[in-house]
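Asker: Next up is a structure, given as structure tokens.
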Amino acid sequence: MWNKIEVSLLTEDPLVIENVTYLLTEYQALGIEYEEIDQYLDNDLNLFGEIREEPVSKPISQSPMIRAYFDDQVDLNQIIEQIHSSYPQFKVEYQTVQEEDWQRNWMKYYQVEHLSRFIKIVPLWKDYAASPEEIVIKLDPGLAFGTGNHQTTRLSALALELVLRKGDRVLDLGTGSGILSFIAGALGASQVWGFDLDPQAVHAAQENLKIQENQALNRLIHENKLDFKVNDLMHGFEDQVDIIVANILPHILVNMLADAEKRLAIGKYLILSGILVDKGQEIEEAMEAYAFSLSHRFVTGQWLCYIYQRIED
Ligand SMILES: C[S@@+](CC[C@H](N)C(=O)[O-])C[C@H]1O[C@@H](n2cnc3c(N)ncnc32)[C@H](O)[C@@H]1O
Numbered sequence: 006m007w008n009k010i011e012v013s014l015l016t017e018d019p020l021v022i023e024n025v026t027y028l029l030t031e032y033q034a035l036g037i038e039y040e041e042i043d044q045y046l047d048n049d050l051n052l053f054g055e056i057r058e059e060p061v062s063k064p065i066s067q068s069p070m071i072r073a074y075f076d077d078q079v080d081l082n083q084i085i086e087q088i089h090s091s092y093p094q095f096k097v098e099y100q101t102v103q104e105e106d107w108q109r110n111w112m113k114y115y116q117v118e119h120l121s122r123f124i125k126i127v128p129l130w131k132d133y134a135a136s137p138e139e140i141v142i143k144l145d146p147g148l149a150f151g152t153g154n155h156q157t158t159r160l161s162a163l164a165l166e167l168v169l170r171k172g173d174r175v176l177d178l179g180t181g182s183g184i185l186s187f188i189a190g191a192l193g194a195s196q197v198w199g200f201d202l203d204p205q206a207v208h209a210a211q212e213n214l215k216i217q218e219n220q221a222l223n224r225l226i227h228e229n230k231l232d233f234k235v236n237d238l239m240h241g242f243e244d245q246v247d248i249i250v251a252n253i254l255p256h257i258l259v260n261m262l263a264d265a266e267k268r269l270a271i272g273k274y275l276i277l278s279g280i281l282v283d284k285g286q287e288i289e290e291a292m293e294a295y296a297f298s299l300s301h302r303f304v305t306g307q308w309l310c311y312i313y314q315r316i317e318d
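This is the structure in structure tokens:
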């Protein structure tokens with residue numbers, strides 16, 4: 006087992022937290038935690054050790070801190086450089102932590118995620134007494150993006166809950182941990198394909214599939230209706246589906262719209278998530294070139310999720 010590197014990122018600007026979280030996951034962070042740090046400054050320096058224009062003697066409220074963990078094999082300098090080039094306002098510190106300490110912190114951080122009234126994401130090591138109408142997905146959150154604690158996943162899950170009908174065939178692009186594929190399966194999809202460009206994510210999804218089966222959590226999720234594989238978006242995919250769900254960054258999403266139009270019959274749904282509010286217009290303009298009409302637009306915090314419905318050409 007490798008040791009881990011714990012990277013702490015402190016900012017005075019809470020609005021950039023979600024963006025940086027997204028970046029960190031793209032750089033294969035193994036886990037991400039948030040904390041509100043009390044700032045009691047009794048001198049005239051701000052969080053970054055600079056002289057404040059207006060001296061303060063009373064405690065400054067709270068500042069958000071992100072703590073991300075990486076394997077100590079990663080190129081940390083490159084990651085920090087990339088973060089700083091987009092978000093120079095972050096103060097970054099890091100230290101090496103022992104594997105055991107990391108595990109302990111990690112397990113404390115992950116809790117049951119109540120994605121909706123019905124959909125519950127439960128960390129592998131947690132017990133959860135579900136009521137009969139609840140859907141429980143057990144995941145090992147250490148494996149890939151998609152633990153349920155990111156707003157983009159939550160919005161995609163809500164969109165699936167809204168439009169998925171029993172027997173639907175679903176394509177999940179950028180499957181990560183497989184979370185949306187499992188949700189689709191549990192909601193009654195008859196066949197689910199989960200694709201990801203990252204082989205580690207596909208491996209994680211396959212491992213998480215075994216967890217569902219071993220725990221006999223949900224008889225609707227089983228090997229013969231879920232298929233995970235490495236693929237760039239929906240390249241080479243030739244089946245017709247009822248729903249395509251994709252929680253990926255907008256500049257990647259736009260590359261699959263033409264294929265999505267071909268694989269969805271009239272009345273079927275395209276769910277697009279992973280879109281920062283200020284990128285919404287870009288997606289809406291791109292969608293004008295295709296035979297889709299906007300059915301729903303969900304917003305939470307800084308994130309947007311669209312449900313488009315296929316219409317006649
Ligand atoms: C934000 S995560 C979403 C994970 C999960 N579906 C969820 O909703 O929590 C985005 C995933 O898209 C994958 N990805 C990025 N570019 C891709 C591409 N061109 N084709 C397929 N997957 C891609 C990443 O590897 C990552 O696992």
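So for the sequence shown, this note's numbering puts the first residue at 6; every next one is plus one. For every residue, glycine included, the Cβ atom is placed at its ideal position computed from N, Cα and C.
Answer yes or no: the CB of TYR32 versus the heavy atoms of ligand 1, is any distance below 8 Å?
Answerer: Along the sequence shown, read from residue 1 onward, the residue named residue 32 stands at position 27. Checking the Cβ of TYR32 against ligand 1 gives no.
Asker: If GLU23 and GLY279 are in contact, beta carbons under 8 Å, what's the gap, nearest whole angstrom?
Answerer: Here the question's residue 23 lines up with position 18 in the sequence shown. Here the question's residue 279 lines up with position 274 in the sequence shown. Incorrect: roughly 11 Å between the Cβ atoms, too far for contact.
Asker: To the nearest angstrom, report how far apart ARG268 and ILE88 are at their CA atoms.
Answerer: One-based indexing of the sequence shown puts residue 268 at position 263. One-based indexing of the sequence shown puts residue 88 at position 83. Cα to Cα, the separation comes out at about 37 Å.
Asker: Is it the case that the Cβ atoms of LYS234 and TRP198 are separated by a distance below 9 Å?
Answerer: As a position in the sequence shown, residue 234 is number 229, starting the count at 1. As a position in the sequence shown, residue 198 is number 193, starting the count at 1. A contact, by the Cβ cut-off of 9 Å.
Asker: Are at least three pairs of beta-carbons, each pair with one atom in the segment 79-96 and one in the segment 111-125, less than 8 Å apart?
Answerer: As far as the Cβ criterion goes, the segment 79-96 does not touch the segment 111-125, which means the pair count is below three.
Asker: Quick check: does the Cβ of ILE124 come within less than 8 Å of any heavy atom belonging to ligand 1?
Answerer: Residue 124 sits at position 119 when you count from the first residue of the sequence shown. For ligand 1, not one heavy atom lies less than 8 Å from the Cβ of ILE124.
Asker: Please go through the same chain and pick out, in chain order, the residues whose beta-carbon is closer than 7 Å to the beta-carbon of ALA135, but skip the five residues on each side of it.
Answerer: Reading the sequence shown from its first residue, position 130 is the one you call residue 135. The residues are LYS125, VAL141.
Asker: How should LEU309 be labelled, buried or exposed, when 16 other C-beta atoms within 10 angstroms of its C-beta is the threshold for buried?
Answerer: By one-based count along the sequence shown, residue 309 stands at place 304. LEU309 is buried by the Cβ-count criterion.
Asker: Starting from GLY193, follow its DSSP beta bridges and name the residues at the other end.
Answerer: In the sequence shown, residue 193 corresponds to position 188, counting from 1. Answer is none; GLY193 lacks a bridge partner.
Asker: Looking at ASN213 and ligand 1, is the gap between the Cβ and the nearest heavy atom below 8 Å?
Answerer: As a first step, residue 213 is located in the sequence shown; it is residue number 208 there, counting from the start. Every heavy atom of ligand 1 is 8 Å or more from the Cβ of ASN213, so no.
Asker: The beta strand (DSSP E) that contains VAL168, what's its start and end?
Answerer: Reading the sequence shown from its first residue, position 163 is the one you call residue 168. No beta strand (DSSP E) holds VAL168; the alpha helix (DSSP H) holding it covers 156-168.
Asker: Can we count HIS89 as close to ligand 1, meaning its CB is less than 8 Å from some heavy atom?
Answerer: By 1-based counting over the sequence shown, the position of residue 89 is 84. No.
Asker: At what residues does the beta strand (DSSP E) containing SER13 begin and finish?
Answerer: Position 8 of the sequence shown, counted from the first residue, corresponds to residue 13. Here the beta strand (DSSP E) through SER13 covers 9-15.
Asker: Relative to the alpha-carbon of THR30, which residue among ARG109, LEU20, PRO146 has its alpha-carbon at the smallest distance?
Answerer: Here the question's residue 30 lines up with position 25 in the sequence shown. Of the listed residues, the one whose Cα sits closest to THR30 is PRO146.
Asker: What separation, rounded to the nearest whole angstrom, lies between the Cα atoms of ARG302 and ILE312?
Answerer: Position 297 of the sequence shown, counting from 1, holds the residue named residue 302. Position 307 of the sequence shown, counting from 1, holds the residue named residue 312. Roughly 6 Å separates the two Cα atoms.
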